[in-house]
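All remarks here apply to the structure that follows.
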Amino acid sequence: MIKQASLGKRIKFIIHRWAKKFGLFHTLKSISKEKYAEKFSASLFYGLMSAIAVNFFFQPGHVYSSGVTGLSQVLSAISERYLDFTIPVAVAFYAINFPLLILAWYKIGHKFTVFTFITVTLSSLFIQFIPQVTLTTDPLINAIFGGLVMGTGIGYGLKSRISSGGTDVISLTIRKMTGRSVGSISLLVNGVIMVFAGLLFGWQYALYSMVTIFVSSRVTDALFTRQKKMQALIVTSRPERIIKMIHKKLHRGVTCINDAQGTYQGEKKAVLLAIITQEEYSDFKYFMSKADPTAFVSIAEDVHVMGRFVDVD
Numbered sequence: 001m002i003k004q005a006s007l008g009k010r011i012k013f014i015i016h017r018w019a020k021k022f023g024l025f026h027t028l029k030s031i032s033k034e035k036y037a038e039k040f041s042a043s044l045f046y047g048l049m050s051a052i053a054v055n056f057f058f059q060p061g062h063v064y065s066s067g068v069t070g071l072s073q074v075l076s077a078i079s080e081r082y083l084d085f086t087i088p089v090a091v092a093f094y095a096i097n098f099p100l101l102i103l104a105w106y107k108i109g110h111k112f113t114v115f116t117f118i119t120v121t122l123s124s125l126f127i128q129f130i131p132q133v134t135l136t137t138d139p140l141i142n143a144i145f146g147g148l149v150m151g152t153g154i155g156y157g158l159k160s161r162i163s164s165g166g167t168d169v170i171s172l173t174i175r176k177m178t179g180r181s182v183g184s185i186s187l188l189v190n191g192v193i194m195v196f197a198g199l200l201f202g203w204q205y206a207l208y209s210m211v212t213i214f215v216s217s218r219v220t221d222a223l224f225t226r227q228k229k230m231q232a233l234i235v236t237s238r239p240e241r242i243i244k245m246i247h248k249k250l251h252r253g254v255t256c257i258n259d260a261q262g263t264y265q266g267e268k269k270a271v272l273l274a275i276i277t278q279e280e281y282s283d284f285k286y287f288m289s290k291a292d293p294t295a296f297v298s299i300a301e302d303v304h305v306m307g308r309f310v311d312v313d
């Protein structure tokens, strides 16, 4: 008993010392309770959605997801077919993500890594302990609904600014080090997944997996509207109020063109140009109605921006 107690104290001491050395305690204390609640709920939702997608649709239908989840399914299928034991999808998912979490801690950011660790852990636990249920053996139905559920989880997670790890960590690391966006990483990983899906279960299942990835990406895009840019062109006689509103409420910049003139009454106007995200559009409309309800506003959707445009937290 004494040896067990002393061993427990030693392990606790070592964990405490290493956590202090790497700044874990400082990072945890610097995160507000509100931020913990928001991120944890998003992680919980993503973990539940990913587990439902894997255990209710992907695994029963032999359909593969994208990214690390798909790679985990591939490793599990290979071990089941060619080895004397089966590696659970949850264990493979956690094992692939663990070294990526260490990379994220040093290269991306401590807070990012903490919340990614929570997301990965919850996803692994849900995938492991939620039982596998065969709702249908039709691979196409499994591909469509699995992609729908997974895309919902990913889109909500991105909207709440959490990462599920995997290729996100690699892409963010390379972008931070080189300044370049590397979409080819995801393409390469998904290509490998498609090849293994075809070799293991037949090439028709590779096509079904492509359907899953397509549906998932469409649902993700529909939910994650932060990356979609909109241009607001505002003609107003009260530019100061609108500029103040956009600066204070939306934290966006505005370009002001003075001395514009209406052609009917010859009234002097100002033309304002602002770029917002689709996520901010409802707030923009509300604040515009307060700042100048008589302003003329034209919105151009899905515009492409060159130059500095900061994603607002």
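Residue numbers (the UniProt record's numbering): 1 to 313. Cβ coordinates follow ideal geometry from the N, Cα and C atoms, glycine included.
Between V169 and I96, the gap from beta carbon to beta carbon reaches 8 Å or more.
Under the three-pair Cβ rule at 8 Å, the stretch 197 to 217 does not count as touching the stretch 128 to 138.
By DSSP's assignment, K229 forms a beta bridge with T277.
Here DSSP, grouped into helix, strand and coil, assigns I193 to helix.
The continuous stretches of alpha helix (DSSP H) do not include F57, and DSSP gives it neither H nor E. Straight through space, the alpha carbons of F214 and S79 are spaced by roughly 27 Å.
Cβ contact annotation for A300 (same chain, cutoff 6 Å, sequence separation greater than five): Q231, in chain order.
In this structure, E267 sits away from S298, with a CB-CB distance that is not shorter than 8 Å. DSSP, read as helix, strand or coil, puts V303 in coil. The Cβ-Cβ distance between S43 and I118 falls below 8 Å. DSSP, reduced to helix, strand and coil, places I257 within a strand of the structure shown. Q73 is the residue among S164, Q73, L199 whose C-alpha sits nearest the C-alpha of T86. In this structure, I144 is the residue among I144, L200, K229 with its C-alpha nearest to the C-alpha of F57.
The alpha carbon of L125 has as its nearest neighbour, out of L148, P88, L158, L223, the alpha carbon of P88. Nearest to G67 by alpha-carbon distance, out of K249, L148, I193, is I193.
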